[in-house]
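Residue numbers (my numbering), protein chains in the order written: chain A, 1 to 252; chain B, 1 to 324. Following: one structure in structure tokens, then a few remarks.
Now the structure itself:
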């Protein structure tokens, strides 16, 4: 059973994001880029399925710039077999355009399961999984915390408000991974060495005009300044806070 | 044909979820701004009865797609149904709930249009929907404009108000020819526990590394109990990673995004990843014995105090107040 992992290279979650002075985006110089953390769950799950089946290949597919090769190599170092970079250059890409390009690439392969992260931590859009699935006319299960494959079906546990759904889908299917699905392995030194020799394909692609356009970038809206609740002791402070919450905030 | 703002009204188990009313109210405002109609679409098995409530919040018309195949949520079939109704609308909005985030991208792709997710503000500029939303876990914000039909956007739950504004809510049944379901819902498991879900709570009492251990959360639970049935307990990543609280309690970038009226952060330093999850809270209270904790810069009310001494006092004062 061959699987694919849709992977995006993103700024590390600790990165300081500085807005470009011309308002066109954020400053990429000096930023550390990594494999999207949610995609790591996808790579790990694909590897576990391959190990448990004793066969099958895991292909990492990423749409990005040349820089993304580094993140694909991370996946190969974890144990994936092949990497594919759809090189769209550095410009902004909207989810629909990306999904169309990924769907075309995926249709050409013979993947039974396609993993992706529930969202990319740069744009937090959470659209690629369902969009790719719709374009490929296959099912997608999102926010998945458990997967069990049996034959040509997958039974997934999905997080919803106040509980979980247990959903069964026929393969091929897209699975958008949530934290808790597994513990992604670290790339071992032998893994890193082997990764250098694994096949890495690069295809130049052009996405066309983006249908979702970012017309403005801004710093986060400021909250009005708050104040410290003073008091002689915890009891006095508690009384003062309750008064403020009742009379000023009107939330209790 | 009238310019239409279509609102996907989410129902589960035959009842409309709160975010549906928030979105109808928003749709009404967008439609009025554009000089168009606000319509809702509800999908399920026997759901026409839900139209009246949608009219109450401002829907001129309610499209109803009913079919036994739609009784449970099935992403591909719901997408077929909603896309059929939405294909000529100017704007399609819905809540960025678990269902909305799963369904609306499918609908957008099906209609070859684009979508803005997790929006905290939506306004019309002429016939264009301008959606305002966080990126990089809230380190920056962007305004998105969609060149497509319809322009699709999902609103973050509990951020947009739900306001009654009675309109006709005229039911129009739509028959959609559906394919075979690609997914089957085998089981719905409700979370154990009698407290409201984090994403739906009005008040959240949250604990972080400063709680020092799992047993100490008892004082937060007592405070939540005192604050009422719409209050619940959350946790920071540090507490979840330490194994003190389950992942389902985690608020933050890799946990849940919450928008309560009141968020009380106890022993939480306020890392940006935590703020990403609760930054939409209407009021933030921070309790921390470290006066330099970053959370104080985001709090409306800051208490520099030992939480173990302060929280029980707060519980006592809350009980006194609510007993009046």
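Ideal placement from N, C-alpha and C gives every residue a C-beta, glycine not left out.
It is roughly 33 Å from the alpha-carbon of residue 72/A to the alpha-carbon of residue 120/B. For the pair of segments examined, the segment 99-115 of chain A was found not to touch the segment 77-97 of chain B: the number of CB pairs separated by less than 8 Å stays below three. Judged by beta-carbon spacing, residue 53/B lies beyond the 8 Å limit of residue 71/B, meaning their Cβ atoms are not closer than that value. In the DSSP assignment, residue 134/B falls within the unbroken beta strand (DSSP E) covering 128-135. DSSP, reduced to helix, strand and coil, places residue 24/B within a helical segment of the structure shown. In the three-state reduction of the DSSP assignment, residue 312/B falls in the helix class. For residue 84/A, the closest alpha carbon among the candidates 41/A, 45/A and 203/A is that of 203/A. Distances from the alpha-carbon of residue 237/B to those of 215/B, 103/B and 248/B put 248/B closest. Here residue 123/B carries a strand assignment [DSSP, helix/strand/coil]. Between residue 102/B and chain A, the shortest Cβ-Cβ separation is below 8 Å. Under the three-pair Cβ rule at 8 Å, the segment 260-279 of chain B counts as touching the segment 201-220 of chain B.
Shown here, residue 303/B sits in a strand according to DSSP, grouped into three states.
With a 10 Å radius around the Cβ and a threshold of 16 neighbouring Cβ atoms, residue 196/B comes out buried. Unbroken beta strand (DSSP E) runs of no fewer than 3 residues, entirely contained in the segment 241-292 of chain B, are found at 262-266 and 283-288, following chain order.
Using a C-beta cut-off of 8 Å, the segment 217-227 of chain A makes no contact with the segment 90-100 of chain A, since fewer than three inter-stretch Cβ pairs fall below that distance.
For residue 84/B, same chain residues with a beta-carbon under 8 Å away, outside a window of 5 residues either side, are 65, 174 and 176 in chain order. Between the segment 182-193 of chain B and the segment 168-177 of chain A, the count of Cβ pairs shorter than 8 Å is three or higher; the stretches touch. By the C-beta criterion, the segment 72-82 of chain A is judged to be in contact with the segment 183-198 of chain A, since at least 3 inter-stretch pairs fall below 8 Å. Ranked by Cα distance from residue 151/B, the first of 243/B, 109/B, 74/B and 267/B is 109/B. Interface with chain A (8 Å Cβ-Cβ cutoff): residue 209/B is excluded.
By the Cβ neighbour-count rule, residue 232/B is buried, with 16 or more other Cβ atoms within 10 Å of its own. Considering only beta carbons, the part of the segment 14-27 of chain A lying closer than 7 Å to chain B consists of 17, 19 and 26, in chain order.
Between the beta-carbon of residue 145/A and that of residue 178/A there is about 5 Å, and that keeps the pair under the 8 Å contact cut. At a cut-off of 8 Å between C-beta atoms, residue 206/B does not count as an interface residue with respect to chain A.
DSSP assignment within the segment 77-119 of chain B yields the following whole beta strand (DSSP E) runs of 3 residues or more, N-terminal first: 91-95 and 115-119. Only 97 and 98 from the segment 82-100 of chain B bring a Cβ to less than 7 Å from some Cβ of chain A. At a cut-off of 8 Å between C-beta atoms, residue 243/B does not count as an interface residue with respect to chain A.
In the structure shown, residue 87/A adopts extended strand secondary structure according to DSSP, grouped into three states. Closer than 8 Å to the CB of residue 239/A there is at least one CB belonging to chain B.
For the pair residue 180/A and residue 104/B, the Cα-to-Cα distance works out to about 25 Å. DSSP places residue 33/A outside any alpha helix (DSSP H); the residue lies instead in the beta strand (DSSP E), whose first and last residues are 33-35. What residue 8/B touches in chain A, judged by beta-carbon distance under 9 Å, is nothing: the nearest beta carbon there is about 14 Å away. A direct Cα-to-Cα measurement between residue 159/B and residue 172/B gives close to 29 Å.
Inclusion of residue 87/A and residue 66/A in the CB contact set at 8 Å is warranted, their separation being smaller than that value. With the rule of 3 Cβ pairs closer than 8 Å, the segment 149-168 of chain A does not count as touching the segment 21-40 of chain A.
Uninterrupted beta strand (DSSP E) stretches at least 3 residues long and entirely within the segment 160-248 of chain A occur at 163-170, 173-177, 200-204 and 212-218, given in chain order.
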